[in-house]
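Asker:
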Amino acid sequence: MPNESNQDAGLIRRGIFLLIVVGGIVAVVLWIIFQRPVQTIPTQSKQPEPHLAALVVHDAAFPGAISWTALGMVADTLPSNAGWEVRYNAAGSLARLGAKDVPWNVLAEMLDENQQMRNFRVRLESGVIVPDEAAARLTMISALKAIRQWHAKQTGPMESSRDYAVVAVAVDRLTESPVAEMKKQAEETRRVFSKR
Amino acid sequence: MPSQAAPLPENQEPPKGLPPVQPPSGKFILQLFLVPGVIVVLAVLLLLAFRYAIGSGYTPASFLRQIDSDNADIRWRGASDLAQVLKRPESVSLKTDAPFALDLAERLKSAFDDLVRKEADLQAAQAGKPQEERDAAWRKLKAERNHVRFLAASLGDFLVPIGVPVLSEIVLHEKSPDLQGNTLRRRQAVWAMGHLGANVKEFQKLPQERKTEILEALDAETKSENPRRAAWARNALFYLAPKDGVAQIIDDLVFVDRVLAQAAKAEDRYLREQIALTISFWDGPQVVPTLRELSRDNGWGTVVRVPEGD
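Chains A and B, in that order, are what the protein sequence lines are.
With the first sequence counted from 1, adding 31 to any position gets you our numbering.
With the second sequence counted from 1, adding 347 to any position gets you our numbering.
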């Protein structure tokens, strides 16, 4: 009899141990299933409206009627001039075709990360307007690829315009990007600059 | 696992504890795996047979039958199915079927002409009526509008640019009483032309034998008794196998670069944005000048918002 009760006690101990192990496994699996990646919400875009409102100084005559400080700040918050979507596509297409007079100034603008964050904006459900980082970076990467394709089709002397130099500087800057894909694309593009 | 107790001698109690265990027989193991295996294989075969039966229904004749149906809903659903099937990589034979593309182009042309006429008639008939009544009348044309949209999208997926003349007509159709519907149609037609341009480059990657077959089929169509069909075939041949001087001697050719250059003057900013991308898939003297013009675009005109699902 004592032998049987010993056996029972062992069985219970093993059962409890097994229950704890299975419980642990279930907990880990549930944690993996229900763990959602935390989405980082981009910081709210700077809104141009307050700066625009502050532009006009009442009760003052020109040039005092304009707040020149606010004017400078407005420039840092506004998106590109209307039609930038059309210009960007056209500039990218011209570069991909290897055309002679590519609008380098447009491509340089496409590589300006701050400008793209201002151009591509989305309104969240909460009403907050934030930069559409994916769309902005996609535009920049497509510009980098277009520049490489333009280089691949060139056989003549190297381009020497000022805007082209601005593009080269913008590409250089992007090689320091913390975004791995952007950095990789910028480095590849810089290599074609240095080959010529 | 089967277990069998050993036979007990008479007048003897069974020993305590579990009965002795015998190893499973080969037959049992076979039954354990073979029977479920056979069931699974049969189920898979049944599924494959079903998929084959469904897949083999996607023939040019079956699509044309649906598109020619008297029922407007069956017509546009057939066009919608075709647009989806053509996007599949295994549909190469369908995408390179020049006579089929011509059949579809003819149907698109007549469907588009019908729609334009019906829209004009409807506008005249509904003049002065309350807005709700007019909206209800416009909704009746939804099946026709969808039919044209899906047929246009389908023609853009072919590797033979048969659809160029009809799609060009849609792209250049500016005046319509249905502003949103026409805007959407033009945008989709521009997109389809972009696809066609990319597909012309894909055509060059086909095996030489297949290319020859397609070009011969197109050549045969240029001798068709139907002048429109012959002209469209000539147009496709011009882009697939360009010959020097052909453009000068054939006066009914439709040049994509000219069409898109003209459409790039449209008020719809989104249309211009699309053209700035799609025109680069085509060759022609108007391509680079149009792109230069668009690279200086100042955002004039307007953007027509077309609600989702409209």
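Beta carbons are placed, not taken as given, at the ideal position from N, Cα and C, and that holds for glycine.
Nothing here was measured: the structure is a model prediction, and the numbers come from that model.
(1) When the cut-off is 8 Å and only beta carbons count, does Glu620/B lie next to chain A?
(2) Would Leu502/B be called buried (16 or more neighbouring beta carbons within 10 Å of its own) or exposed?
(3) My understanding is that Trp629/B touches Asp604/B, with C-beta atoms under 8 Å, so please give their C-beta distance in whole angstroms.
(4) Check Asp615/B in the structure and name its three-state DSSP category.
(5) Let me see if you follow: with CB-CB separation under 8 Å, is Ala623/B close to chain A or not?
(6) Contact criterion: CB-CB distance below 8 Å. Does Glu14/A meet it with respect to chain B?
(7) Chain B partners of Ala113/A, CB-CB under 9 Å?
(8) Check the Cβ of Leu641/B against every Cβ in chain A and list those closer than 8 Å, keeping chain order.
(9) Compute the distance between the beta-carbons of Leu455/B and Ala499/B, then report whether it is under 8 Å.
(10) Across the region 136–155 of chain A and the region 200–218 of chain A, are there enough close Cβ pairs to call them in contact, namely three or more that are closer than 8 Å?
(11) What's the C-alpha gap between Leu638/B and Phe65/A?
(12) Might you give, ordered along the chain, the residues of its own chain that have their beta carbon closer than 8 Å to the beta carbon of Glu212/A, omitting 5 neighbours on each side?
(13) DSSP puts Val153/A in a beta bridge; with which residues?
(14) From the beta carbon of Pro134/A, is the nearest beta carbon of chain B less than 8 Å away?
(15) Verify the CB distance criterion: does Val651/B have a CB-CB separation below 8 Å to chain A?
(16) Hey, how far is the Cα of Gln351/B from the Cα of Val53/A?
(17) Using a threshold of 7 Å, is the CB atom of Ser36/A nearer than that to any non-hydrogen atom of the ligand SAM?
(18) Pro349/B: buried (16+ other C-beta within 10 angstroms of its C-beta) or exposed?
(19) Determine contact between the region 539–553 of chain B and the region 524–531 of chain B, defined as no fewer than three beta-carbon pairs at a distance below 8 Å.
(20) Is Asn546/B near Phe585/B, with beta carbons less than 8 Å apart?
(21) What's the C-alpha gap between Asn37/A and Arg44/A?
(22) Compare the beta carbon distance of Ala101/A and Ala85/A with 8 Å and say whether it is the shorter of the two.
(23) Are there 16 or more other CB atoms within 10 angstroms of the CB of Phe447/B, so buried, or fewer, so exposed?
(24) Is the region 568–583 of chain B close to the region 460–472 of chain B, with three or more CB pairs under 8 Å?
(25) Within the 8 Å Cβ cut-off, does Leu205/A reach chain B?
(26) Counting only the same chain and skipping the five closest in sequence on each side, list residues whose C-beta sits under 7 Å from that of Leu411/B.
(27) By a C-beta neighbour count over all protein chains shown, 10 Å radius and 16 as the cutoff for buried, is Tyr399/B buried or exposed?
(28) Could you please give the first and the last residue of the uninterrupted alpha helix (DSSP H) stretch that includes Asp658/B?
(29) Buried or exposed: where does Pro512/B fall if 16 or more other Cβ atoms within 10 Å of its Cβ makes it buried?
(30) Under 8 Å, Cβ to Cβ, is there at least one residue of chain A near Leu638/B?
(31) Alpha carbon to alpha carbon, how far is Met189/A from Glu156/A?
(32) Check the DSSP bridge columns for Asp622/B and list the partner residues they point to.
(33) So which residues on chain B does Ser124/A lean against when the C-beta distance must stay under 8 Å?
(34) Out of curiosity, what's the CA-to-CA distance linking Tyr119/A and Trp99/A?
(35) Mind checking Pro162/A: buried by the 16 CB within 10 Å criterion, or exposed?
Answerer: Based on what the coordinates show:
(1) yes
(2) buried
(3) In this structure, Trp629/B and Asp604/B form a Cβ contact; the two beta carbons are roughly 6 Å apart against a cut-off of 8 Å.
(4) strand
(5) At a cut-off of 8 Å, the C-beta of Ala623/B has a neighbouring C-beta in chain A.
(6) Outside the shown range of chain A, which is 32 to 227, sits residue 14/A, and nothing can be said about it.
(7) Arg616, Asp644, Asn645, Gly646, Trp647
(8) Correct list: Val117, Arg118, Asn120, Ala121.
(9) yes
(10) yes
(11) 50 Å
(12) Arg168, Ile172
(13) Its beta-bridge partners are Val161/A.
(14) yes
(15) Answer no: the Cβ-Cβ gap between Val651/B and chain A never drops below 8 Å.
(16) Reliability fails at Gln351/B, whose pLDDT of 48 lies under 50, so the model's placement of it is uncertain and the value that follows must be treated cautiously. Cα to Cα, Gln351/B sits roughly 33 Å from Val53/A.
(17) Inclusion of the ligand SAM in the displayed structure is not the case, the ligand content being empty and no account of it being possible.
(18) Note that Pro349/B scores a pLDDT of 45, beneath 50, so its modelled location is shaky; the value from the coordinates is reported in the next line. Looking at its Cβ environment, which holds fewer than 16 other Cβ atoms inside 10 Å, Pro349/B is exposed.
(19) Touching, no, given that fewer than three Cβ pairs across the two stretches are closer than 8 Å.
(20) no
(21) 11 Å
(22) yes
(23) buried
(24) no
(25) no
(26) Asp450
(27) An exposed status is given to Tyr399/B, since fewer than 16 other beta-carbon atoms sit within 10 Å of its beta-carbon.
(28) Limits of chain B in this structure are 348 at one end and 657 at the other, which puts residue 658/B out of reach.
(29) buried
(30) It does: the Cβ of Leu638/B has a partner Cβ on chain A nearer than 8 Å.
(31) Whole-angstrom Cα-Cα distance: 49 Å.
(32) The sequence shown places Ile at residue 622/B, not Asp. None; Ile622/B has no bridge partner.
(33) Ala623, Leu624, Ile626, Ser627, Leu638
(34) 30 Å
(35) buried
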